[in-house]
């Protein structure tokens with residue numbers, strides 16, 4: 459299994475673990491709803507894969523600019539995440555403090571994953 463496949467599997471495993479934990483906690487705490495968040499996890503998963511694949515492409519073509527591309531892609535991810543939240547998932551709702559906390563935690567966890575993967579790419583010698 460090459461490095462790219464391992465990393466994509468790790469992204470999937472991370473996403474699955476976090477969403478499963480959220481699901482289990484939502485079953486224990488009845489005030490938490492999991493149904494709306496499943497698509498948010500899916501969108502974060504897909505955006506993280508996209509950022510990783512773009513980072514791989516940039517590393518092959520212009521390795522010295524990888525950090526700048528990462529900053530641009532995470533900025534774009536933040537904008538997309540905000541638009542998804544405000545327009546699609548919670549269009550006419552005022553978000554409670556609990557919902558804001560859950561969304562912020564989701565975003566920060568996936569951002570941490572993106573930072574970790576990009577740091578690994580920056581520190582690696584080559585890409586398979």
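Residue numbers (our numbering): 459 to 586. Cβ coordinates follow ideal geometry from the N, Cα and C atoms, glycine included.
Whether residue i touches residue j by CB criterion (8 angstroms)
i, j, result
"residue 498", "residue 564", "yes"
"residue 503", "residue 544", "no"
"residue 580", "residue 524", "yes"
"residue 469", "residue 542", "no"
Beta-carbon separation (whole angstroms), residue i vs residue j, contact threshold 8 angstroms
i, j, result
"residue 567", "residue 476", "6 angstroms"
"residue 505", "residue 462", "Rounded, the Cβ-Cβ distance is 17 angstroms, inconsistent with contact."
"residue 547", "residue 494", "6 angstroms"
C-beta neighbour in chain B for residue i, strict 8 angstroms
i, result
"residue 510", "Considering every chain present, this structure includes no chain B. It has just one protein chain."
Continuous alpha helix (DSSP H) assignments of at least 4 residues falling wholly in the stretch 479-557: Within the stretch 479-557, the complete alpha helix (DSSP H) runs of at least 4 residues fall at 493-520, 524-541.
Touching by the beta-carbon criterion (3+ pairs, under 8 angstroms), the stretch 499-512 and the stretch 526-534: yes
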